[in-house]
Amino acid sequence: MEKSVKVSEKEEFPECFIYKGTLLLLPEVAKKIDDVVKTWKDKETGFVLTGEDKIVDNALVHVINDFYQLPTYDVNRTNKLIIALDDIKEIAKKKNIIAIEHVHPNSEPWPSLADIATMISIDILLHKPILHIIANTEGKRLILSFQKCHECENSFFKFLLSKRMEVKKENGKHSFPEGWENL
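In this note's numbering, the protein residues as written are 73 to 255.
Have a look at this one:
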């Protein structure tokens, strides 16, 4: 049976998805992010966190040294933050994306189904697992990773990527729905 970790007063999340590594956020970057969150405290805000991966004492350390604020679109009551994958793709061309963070104002840092679908889509787009951080305005954070899913023998991520490459080889780029050829 999968262990669960308590992340809020009423919710639990499977332990295999909880990130337990080291994530360092430069103080000046943390302050800028906090300033944005305080300015927009009643709205969901999103950020792409970039930086470098380092090995320190034989352990991987993610060092966040920059960020990009994502545009926020109020679509409806349940979907307050819509992330455009094209924005993520453009940033990934220039920088090493370590995490996506978004803030749930006035609620627990718990992913919605739309959040989880977005997390999976971003990992597939980037061809790698990144960290997905959900925070709230009180400073609580939940850091998730699909790393173990990527490493699994029957990985959904590996399956999708291998099938995409197979189809590209057999049929060329035109075998994908419009916009998918560059994922």
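No residue lacks a Cβ here, since even glycine has one placed at the ideal position from N, Cα and C.
With a threshold of 16 other beta carbon atoms within 10 Å, Ser217 meets it and is buried. Residue environment analysis places His199 among the exposed positions, since fewer than 16 neighbouring C-beta atoms fall within 10 angstroms of its C-beta. When the five nearest sequence neighbours on each side are left out, the beta carbons in the same chain lying within less than 7 Å of the beta carbon of Val175 are those of Val109, Glu116, Thr117, Ala207, Asn208 and Thr209, in order along the chain.
Leaving aside the five residues that flank Ala164 on each side, the residues in its chain whose CB is nearer than 7 Å to its CB run, in chain order, Leu198.
With a contact defined as Cβ atoms closer than 8 Å, Leu121 and Ala171 qualify at about 4 Å. Rounded to whole angstroms, the separation of the alpha carbons of Leu233 and Glu242 is 14 Å.
Residue pairing of Val135 in beta bridges, as defined by DSSP: Leu96 and Glu124.
At a cut-off of 3 residues, the continuous stretches assigned as beta strand (DSSP E) that sit fully inside the region 141-214 are 169-176 and 203-208.
In the same chain as Gln219, and ignoring 5 residues on each side of it, the C-beta atoms closer than 7 Å to its own belong to Pro201, in chain order. Non-local beta-carbon contacts of Ser193 in its own chain, meaning distances under 7 Å to residues more than five positions away in sequence, involve Leu157 in chain order.
Distances from the alpha-carbon of Ser179 to those of Thr94, Tyr91, Asp114 and Leu96 put Asp114 closest. Going by DSSP, Ser234 is part of the alpha helix (DSSP H) stretching over Phe228 to Asn243.
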